[in-house]
Amino acid sequence: MSELIDLHTHSYHSDGVLAPAALVELAAKRKVSVLALTDHDTSVGCAEAAAACAQHGIGFVPGIEFTAGWRGQEIHIVGLGINTEHAAVQARCTELLTLRRARIAAIGELLSRERALGGQNIATDLLQQPGVPTRLHLARELLKRGLARDQQDAFDRWLGRKRPGHVPQQWPGIEGAIEAIVAAGGIAVLAHAHRYKFSNGVLGELCAAFKAAGGGGIEVSLPGTSPNDTARLLRQARLQGLAGSVGSDFHQPGFAWRPVGRFAKLPEDIAPVLAQLRPQ
Ligand code: AMP
Ligand code: MN
Ligand code: MN
Ligand code: MN
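Residue numbers for the sequence shown follow the numbering used here, so the first one is 1245 and each next one is one higher.
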């Protein structure tokens, strides 16, 4: 029987909808044997997830997904096997939370001027909640108010580039994110690189910079990667000597293409990032 390994998931501490324990419950149902919780810019859910995994006999990997910038483009870096209490990780989370809160407030303000919103500020409630506020939360608010058909539509109509609620954001560089992950004893993994709008040449430069800064892995297998995407990612893994990681990028039940613990297998010639981790 092949093992189901999921090294990229979200809980309600960032833009997922499930509590960490509920996420683990679902992973157990899906027969996931090793699970990482990788919330955007926070690792506060890891203690609860670790306890739930212990109950279900699932190997747990404490993780995070850091938002970072490279050549003006947003890049996501997953940290796996981190000491979540490490000061460098905590400092990075604090910095990112401040940037995120300011951005969400600015988006709420911009959208409140739109006629369709009738002066309502959809960020106000969100900014009073604990957790990392994201544009996905705002997309859900727009959905609730009947102002978008689905999450994609909310981005297409309101939140995306050139839309009324778009606030560009400069993120701190990838080097600092990698440094914090490595300092905390973890492995830095370049997340979903097929989604960045880069030519093969620029993707190669990103992967080289990522490796040079101490990066150890790259996600090569996620739901929704086309055979061509996977081939591009595998090529970079081989070229840079990066280990391969796999994950669902799960956010919520009902997204048929992103169920927790369901994705293609790693090819045999790629070193699995899991070999360098010791799940708890
Ligand atoms: P933020 O990190 O605040 O920019 O929020 C972005 C989050 O929204 C991502 O982590 C995704 O979960 C989600 N997201 C981004 N773009 C889209 C999109 N086009 N459709 C649906 N969800 C999206
Ligand atoms: Mn997300
Ligand atoms: Mn991401
Ligand atoms: Mn993610």
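Where is the CB? At the ideal position from N, CA and C, for every residue including glycine. Quantities reported herein were computed from a predicted structural model and do not represent experimental measurements.
1. Measuring from the CB of His1254, is there a heavy atom of ligand 5 at a distance below 7 Å?
2. Let me know the secondary structure DSSP gives Ala1266 once reduced to three states.
3. With hydrogens ignored, establish whether the beta-carbon of Ala1435 is closer than 7 Å to any heavy atom of ligand 3.
4. Could you check what DSSP says for Ala1312 in three-state terms: helix, strand or coil?
5. If you measure between the beta carbons of Ala1332 and Ala1428, is that distance less than 8 Å?
6. At the level of alpha carbons, what is the spacing between Asp1285 and Gln1372?
7. Is any non-hydrogen atom of ligand 3 found closer than 7 Å to the C-beta of Glu1463, if you look at the structure I gave you?
8. Ile1514 and Leu1466 look like a contact to me (Cβ under 8 Å); what is the Cβ gap, rounded to whole Å?
9. Note down, in chain order, each residue of its chain lying with its Cβ closer than 7 Å to the Cβ of Gly1458, except the 5 sequence neighbours on either side.
10. Could you tell me if the beta carbon of Thr1469 falls within a distance shorter than 7 Å of some heavy atom in ligand 4?
11. Starting from Gly1352, trace the alpha helix (DSSP H) in both directions and tell me its first and last residue.
12. Could you tell me if Phe1499 is buried or exposed, where buried requires 16 or more neighbouring beta carbons within 10 angstroms of its beta carbon?
13. Take the Cβ of Ala1367 as the centre, count every other Cβ of all protein chains shown within 10 Å, and call the residue buried at 16 or more, exposed below.
14. So, Leu1355 versus Trp1402, is the Cβ gap smaller than 8 Å?
15. With DSSP as the reference, please indicate the residues paired to Ala1435 in a beta bridge.
16. If you count every other CB in all the chains shown that lies within 10 Å of the CB of Thr1378, and 16 or more means buried, which is it?
17. Could you round the C-beta distance between Gly1352 and Tyr1256 to whole angstroms and report it? I think they count as a contact, below 8 Å.
18. Is the closest heavy atom of ligand 1 to the C-beta of Phe1399 under 7 Å?
19. DSSP puts Gly1307 in a beta bridge; with which residues?
20. Between the Cα of Thr1474 and those of Ala1481, Gln1480, Val1464, Leu1483, spot the shortest distance and give me the residue it belongs to.
21. For the stretch 1388-1406 against the stretch 1436-1446, do three or more pairs of beta-carbon atoms, one drawn from each stretch, fall closer than 8 Å, so that the two count as touching?
22. Check whether the Cβ of His1495 sits closer than 7 Å to any heavy atom of ligand 3, and report yes or no.
23. Run the CB neighbour count on Leu1483, radius 10 Å, all protein chains shown included, and call it buried at 16 or more, exposed below.
This is what the structure holds:
1. You won't find ligand 5 in this model; what it holds is ligand 1, ligand 2, ligand 3 and ligand 4.
2. One-based indexing of the sequence shown puts residue 1266 at position 22. Of the three classes helix, strand and coil, the one that applies to Ala1266 here is helix, per DSSP.
3. By one-based count along the sequence shown, residue 1435 stands at place 191. Under cutoff, so the answer is yes.
4. Indexing the sequence shown from 1 puts residue 1312 at position 68. Residue state, collapsed to three classes: strand.
5. For this step, residue 1332 is matched to residue 88 along the sequence shown. For this step, residue 1428 is matched to residue 184 along the sequence shown. Cβ atoms of Ala1332 and Ala1428: closer than 8 Å.
6. Taking the sequence shown and counting its residues from 1, one reaches residue 1285 at position 41. Taking the sequence shown and counting its residues from 1, one reaches residue 1372 at position 128. Each residue's alpha carbon lies about 18 Å from the other.
7. Position 219 of the sequence shown holds residue 1463. Answer for Glu1463: no, Cβ out of range of ligand 3.
8. Stepping through the sequence shown from its first residue, residue 1514 is reached at position 270. Stepping through the sequence shown from its first residue, residue 1466 is reached at position 222. Between Leu1466 and Ile1514 the Cβ distance is about 14 Å, and since that is not below 8 Å, they are no contact.
9. As a position in the sequence shown, residue 1458 is number 214, starting the count at 1. Once the five neighbours on either side are set aside, the close Cβ partners of Gly1458 are Ile1422, Glu1423, Val1426, Ala1432.
10. Counted from its first residue, the sequence shown places residue 1469 at position 225. Thr1469 Cβ: outside cutoff for every heavy atom of ligand 4.
11. The residue you call residue 1352 lines up with position 108 of the sequence shown. Unbroken alpha helix (DSSP H) run through Gly1352: 1331-1356.
12. Here residue 1499 is taken as the residue at index 255 of the sequence shown, counted from 1. With fewer than 16 Cβ atoms within 10 Å of its Cβ, Phe1499 is classed as exposed.
13. By 1-based counting over the sequence shown, the position of residue 1367 is 123. Its Cβ being crowded by 16 or more others within 10 Å, Ala1367 is buried.
14. Within the sequence shown, the letter at position 111 stands for residue 1355. Within the sequence shown, the letter at position 158 stands for residue 1402. The answer is yes: Cβ separation under 8 Å.
15. Counting from one through the sequence shown, the residue named residue 1435 turns up at place 191. Paired residues: none, contrary to the question.
16. Counting from one through the sequence shown, the residue named residue 1378 turns up at place 134. Its Cβ being crowded by 16 or more others within 10 Å, Thr1378 is buried.
17. Working through the sequence shown from its first residue, we reach residue 1352 at position 108. Working through the sequence shown from its first residue, we reach residue 1256 at position 12. Rounded, the Cβ-Cβ distance is 20 Å, inconsistent with contact.
18. The residue you call residue 1399 lines up with position 155 of the sequence shown. Flag set: Cβ of Phe1399 near ligand 1.
19. Against the sequence shown, residue 1307 aligns to sequence position 63. Paired residues: Leu1324.
20. As a working mapping, residue 1474 is identified with position 230 in the sequence shown. Among Ala1481, Gln1480, Val1464, Leu1483, the Cα nearest to that of Thr1474 belongs to Val1464.
21. no
22. Here residue 1495 refers to the residue found at position 251 of the sequence shown. No.
23. Along the sequence shown, one-based indexing puts residue 1483 at 239. So Leu1483 counts as exposed.
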